[in-house]
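Asks: Using my numbering, count along the sequence shown one by one with no gaps and you end on 123. Where is the CB? At the ideal position from N, CA and C, for every residue including glycine. From a predicted model like this one, the values you see are computed outputs, not experimental measurements.
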Amino acid sequence: MDKQKLLFQNLKRIKDYWANEVTNSLKPSTDLIWSNYEENYKLLQGKLRTPEEQEAFKNIQDEIIKGVLHSILVMIDGGDALADDIRIDIIDEETRESLKENIALHEEFVSYLLDVE
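Structural data, given as structure tokens:
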């Protein structure tokens, strides 16, 4: 479970980074050159001004990212339609061990988040 925990920690770090990055982009002074949707951010900057509104937006972003990560892990676990055509795995390159052996990554990831958030 140690390798899975490292995976979960990194997925959480990625989730937190993007939820924060998108929320920080609501500040009018933010450089949005990285985004393909600069005008959309500018529109939201004019609408989501209070700390409460921005926190609500951040919570929604966090939830969406969690859902996407969970869905990807379900796919890796073989729990969606892709499994009818191809089975995929996450393998430790050094040991050639599967990170999904004897574990449902998507379920354990949710449990991990419940423990740490």
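Per the contact definition of three or more C-beta pairs closer than 8 Å, is the segment 74 to 85 in contact with the segment 105 to 118?
Replies: yes
Asks: Please state if the CB of Gln60 and the CB of Leu32 are separated by a distance shorter than 7 Å.
Replies: Cβ atoms of Leu32 and Gln60: closer than 7 Å.
Asks: Which residue or residues does DSSP assign as beta-bridge partners of Ser104?
Replies: Ile97
Asks: Using the C-alpha atoms, what's the distance from Pro57 back to Val80?
Replies: 34 Å
Asks: Going by DSSP, what residue range makes up the alpha helix (DSSP H) through Glu123?
Replies: First-last for Glu123: undefined, no H or E at that position.
Asks: Could you give the distance in angstroms between the alpha-carbon of Gln51 and the alpha-carbon of Pro34?
Replies: 6 Å
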